[in-house]
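UniProt numbering applies: residue 1 is where the sequence shown begins, and numbers increase by one.
Built from N, CA and C at the ideal position, the CB exists for glycine as well.
Only a predicted model underlies this, so the values are computations on that prediction, with no experimental measurement involved.
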Amino acid sequence: MLVYANTFDLNPVSGRQAIINLVAGWISHSRGVAVDAERLSLGIFDYRMPNKATLSSRATVNQDGEPQFPYFFCARLAHGQDDVPGRRWITEIGLRQKADGGIITCSVVLETSEVSAKVTAPIQVTRPRIVQNLIENCRPVGDTVGLGVLPLTNENARAFVHNVEYSSRRDPIILISANREGKYPVDPERMRSLAVGLAQTVKVSPGIDTFKLQEVVGRRYIAFGGTINIIFPPRKSEFSKFCKSVLIHPDQMEELALSGTTVEAEVLSTITHLTNLPNSWRHISIDTVSQEILRMRLEKAVSEIGSSDEQKVYEGLLQEAADNINSANEKMTALQEELTTTRDERDFAEAEAESLKHALNGVQSRPVDMSEQAVEAFSNLRVALTSIFDGVPTLEQSLHTISSLYSDRLFILDTALSSARISDRGAFRHGAKAFDLLRTLAGTYWEALASGKPDQVAREVFGSSYASKEANISNAGKAARTFKYLNEDIFMEKHLKIGTKDSLAETLRVHFEWFPSEQKIVIGHCGKHIDF
1 MLVYANTFDL NPVSGRQAII NLVAGWISHS RGVAVDAERL SLGIFDYRMP
51 NKATLSSRAT VNQDGEPQFP YFFCARLAHG QDDVPGRRWI TEIGLRQKAD
101 GGIITCSVVL ETSEVSAKVT APIQVTRPRI VQNLIENCRP VGDTVGLGVL
151 PLTNENARAF VHNVEYSSRR DPIILISANR EGKYPVDPER MRSLAVGLAQ
201 TVKVSPGIDT FKLQEVVGRR YIAFGGTINI IFPPRKSEFS KFCKSVLIHP
251 DQMEELALSG TTVEAEVLST ITHLTNLPNS WRHISIDTVS QEILRMRLEK
301 AVSEIGSSDE QKVYEGLLQE AADNINSANE KMTALQEELT TTRDERDFAE
351 AEAESLKHAL NGVQSRPVDM SEQAVEAFSN LRVALTSIFD GVPTLEQSLH
401 TISSLYSDRL FILDTALSSA RISDRGAFRH GAKAFDLLRT LAGTYWEALA
451 SGKPDQVARE VFGSSYASKE ANISNAGKAA RTFKYLNEDI FMEKHLKIGT
501 KDSLAETLRV HFEWFPSEQK IVIGHCGKHI DF
């Protein structure tokens, strides 16, 4: 099975031998056996290594070991998998250089070979370590995709959309967003290093207003709340184009963790599912190098043949063999291009059919299927609103409702939801009053601050239900009132209050902070009185 395929151009300071040295070092380190780089560069035939591993290499060199151009090289390492009998992992690293001193095209392929269909152990997609070694040490050319993580901000949003829909884009985009606490589901730099040469990693800047960003970028190209959006290159038809995208939600990431799969592996497998085949066509394999060696020998033999009639017959046969090789290569290239075109047309037709289906559903006023996440969100909001209308909302329901109604003004941290649940389990009795305070916080109070009025004026709407600070707080008390927002510790001393008893049922404290640069109020706690 083809697991990973990649191709990139390199320009190492010490030339092609620097790459072969790295390959030899990588094999030596991974197998625990010293491999001579010079011997590897000349060609090795099925060298037996410990644990039934084998090493082979081919290169277009003459009898004196001098490279022949165009230069081709490939090293092939095969080894078993200790915990899966019957499976072998095969890694090939190929090189092609048109002229001495020129840019070197490097291809890397990782695949598995199973002895039978009985070998069914799952395979987790990974990037061979040699890829990172080559990228870090052999100067990839400037247009290599994924050499750095790009930020997505409100300032460059339009440029991002242009890049996404650019007709000549050939590489996927991995868009990573942060959750409410400003944490990414996977380290963007780690994801970049795994996908270098295959995809461009982009991170949504923490703290950005994703609602405003979505107005520019559009729903299909956005990621927020800790989701990852993989956007594939545009597909074109005669009249329009589209970009296929795959969203990975936080709940899916939890399921992946339970199944023993990492988020990085899932993203990489999603990308390689579409990039492996075309990249494998460009791979400089052992067979490719062997074919080039044969072609060079044929050309040399033809050039050395004299002019006798018998020699001319042999010359014709040799030339015919060389022509057949070239013809086969041309036919294979044409078939590959035809397959790519057909696949693009199929993808576009599927997307167009899906769009037409939803359009028809809308015209006929039929209910459109929603995702489980959307159904759950609407269900929770419906229950919360019903409770509010009945005058008996829980604290958690009030927070969800206010957050939905004032999402552009208010941000609820998970710590606030957790504290609200604790008070709800303690039978908090003043749900209606708490909802009124939260609504005033997101309404009149926010509007006063947003218009430039000082807090001393804005807080008057709360009367005695507001306090700007608390006296005689210990260090532990300060720590308990400090909450993480966008990876920063925020001390939230301002709070709304109901009651004074040490009681979950009777007392409420809502700790929050105003962020003028974002025009947002962030709530860190909504529950019992926090100890001093």
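query	result
At least three beta-carbon pairs within less than 8 Å, the stretch 83–103 to the stretch 158–173	no
CA nearest to the CA of valine 392, picked from Phe435, Leu40, Ser418 and Asp489	Phe435
Rounded straight-line distance, which links the Cα of leucine 417 to that of isoleucine 20	56 Å
The beta strand (DSSP E) enclosing asparagine 6, as first and last residue numbers	2–10
Closest Cα partner of serine 407 within the set Ala427, Leu449 and Gly443	Gly443
Alpha-carbon to alpha-carbon, isoleucine 231 and serine 177	14 Å
Strand pairing of histidine 511, partner residues [DSSP]	His495 and His525
Counted within 10 angstroms of its Cβ, other Cβ atoms place threonine 7 as buried (16 or more) or exposed	buried
Sufficient close CB pairs (3 or more, under 8 Å) joining the stretch 515–526 to the stretch 484–494	yes
Three-way DSSP call (helix, strand, coil) for alanine 467 in this model	strand
Cut-off 7 Å between Cβ atoms - residues of its own chain near leucine 247, not counting five sequence neighbours on either side	Thr227 and Asn229
Spatial neighbours of serine 280 in its chain, beta-carbon cut-off 7 Å, leaving aside the 5 residues before and after	Leu2, Ala5 and Val109
Other residues of its chain near leucine 22: CB distance less than 8 Å, five sequence neighbours each side excluded	Ile130, Asn133, Leu134, Asn137 and Cys138
Three-state secondary structure assigned by DSSP to asparagine 163	helix
Element boundaries [alpha helix (DSSP H), containing serine 177]	Neither: serine 177 is in no alpha helix (DSSP H) and is coded neither H nor E.
Separation of glutamine 97 from leucine 10, as counted between CA atoms	10 Å
Nearest to valine 13 (by Cα), restricted to the options Pro140, Ala37 and Arg192	Pro140
Environment of leucine 55 [buried if 16+ CB atoms lie within 10 Å]	buried
Uninterrupted alpha helix (DSSP H) stretches inside the stretch 23–51 (no shorter than 4 residues)	37–42
Of the residues Leu399, Ala450, Ile174 and Ser419, the one placed nearest alanine 432, counting alpha carbons only	Leu399
Outcome for serine 474 when other beta-carbon atoms lying within 10 angstroms are tallied against a minimum of 16	exposed
Uninterrupted beta strand (DSSP E) stretches inside the stretch 206–286 (no shorter than 3 residues)	228–236 and 241–248
Test item: CB-CB of proline 188 and threonine 201 under 8 Å	yes
Three-way DSSP call (helix, strand, coil) for glycine 86 in this model	strand
Arginine 16 and leucine 95 closer than 8 Å at C-beta	yes
Same chain, Cβ closer than 7 Å to tryptophan 446, neighbours up to 5 away in sequence not counted	Arg409 and Ile521
Where lysine 478 sits in the DSSP three-state scheme	helix
Residue environment, tyrosine 221, which counts as buried when at least 16 other CB atoms sit within 10 Å	buried
Per DSSP, the bridge partner or partners of glutamate 488	Tyr485
Close-in-space but distant-in-sequence residues of the same chain around glycine 527 (CB under 6 Å, 5 per side omitted)	Ser419, Ala420, Ile422 and Ser423
Rounded C-alpha distance that separates alanine 199 from methionine 492	41 Å
With 16 other Cβ atoms within 10 Å as the buried cut-off, status of serine 403	buried
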